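Same order as they appear, the protein sequences are chains A and B.
Quick note, the first sequence lines up with residues 1 to 113 if you use the working numbering.
Quick note, the second sequence lines up with residues 1001 to 1113 if you use the working numbering.
No residue lacks a Cβ here, since even glycine has one placed at the ideal position from N, Cα and C.
As the structure is a computational prediction, the values presented were derived from the model and not from experiment.
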Amino acid sequence: GAGVSQTPSNKVTEKGKYVELRCDPISGHTALYWYRQSLGQGPEFLIYFQGTGAADDSGLPNDRFFAVRPEGSVSTLKIQRTERGDSAVYLCASSSDRGTEAFFGQGTRLTVV
Amino acid sequence: KQEVTQIPAALSVPEGENLVLNCSFTDSAIYNLQWFRQDPGKGLTSLLLIQSSQREQTSGRLNASLDKSSGRSTLYIAASQPGDSATYLCAVWGGGSNYKLTFGKGTLLTVNP
């Protein structure tokens, strides 16, 4: 596609529920990143995929967070047993290769009530 | 651990003024440095990527410089316009096996007509 696409743009869920956030990267980009941004802060790294494999998941806050990229294109970030502290904007980015110019999607605003 | 600092946190200028945004990082072993713009409630738009071997990069009214050895970058905006009002984020690509972007908290720029 022309750019990185994230769905949904907004998600409101109840505490304790399971959510999935989807990212469609730019076609042909092998590197895909997930970030989380809280109000007034810069984006914080969650996980990086090179192809299908998670090359670095050191930013995932705990085992309730998990991400997959089974075919090396679309990625899904999964959050189990959501907590109010998970509320943030979740951003996805892709780049043609690791360390090259990154392009971000519009983000998914997650609100846990 | 890489840390990125942006100064000032906020800046308000009259239209037409030239301005400089500052970024510093603690670990000089970086691949590249990237500047982004973020409008309220939106994702990140890539402005410029400076490779670690470069000293500066230009795009239109924007000029970014990089002094890797001192851990500093500046973003120069010439002849500012109200449409330039946004948050500007600096991010560095770590070196070695670290292929993630580390962000500063951003500078909120307001250009007054």
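Enclosing beta strand (DSSP E) for residue i [first to last residue]
| i | result |
| --- | --- |
| A1029/B | Neither: A1029/B is in no beta strand (DSSP E) and is coded neither H nor E. |
| V1111/B | T1107 to N1112 |
| T1074/B | R1072 to I1077 |
| L1049/B | L1044 to Q1051 |
| N10/A | N10 to T13 |
| R109/A | T108 to V112 |
| L32/A | A31 to Q37 |
| D1039/B | Element bounds for D1039/B: n/a, residue is neither H nor E. |
| K78/A | S75 to I79 |
Backbone secondary structure at residue i - three-state DSSP
| i | result |
| --- | --- |
| P1082/B | helix |
| D56/A | strand |
| D63/A | coil |
| D97/A | coil |
| G1094/B | strand |
| R84/A | helix |
| I26/A | coil |
| Y1099/B | coil |
| Q41/A | coil |
| N1018/B | coil |
| E1003/B | coil |
| E1056/B | strand |
Own chain partners of residue i with C-beta closer than 6 Å, once the 5 adjacent residues on each side are dropped
| i | result |
| --- | --- |
| R1072/B | S1024 |
| F65/A | I79 |
| S1065/B | E1056 and T1074 |
Whether residue i touches residue j by CB criterion (8 Å)
| i | j | result |
| --- | --- | --- |
| P1008/B | T1107/B | yes |
Chain D residues whose Cβ lies nearer than 8 Å to that of residue i
| i | result |
| --- | --- |
| F104/A | Note that chain D does not occur in the displayed structure, where the protein chains are A and B. |
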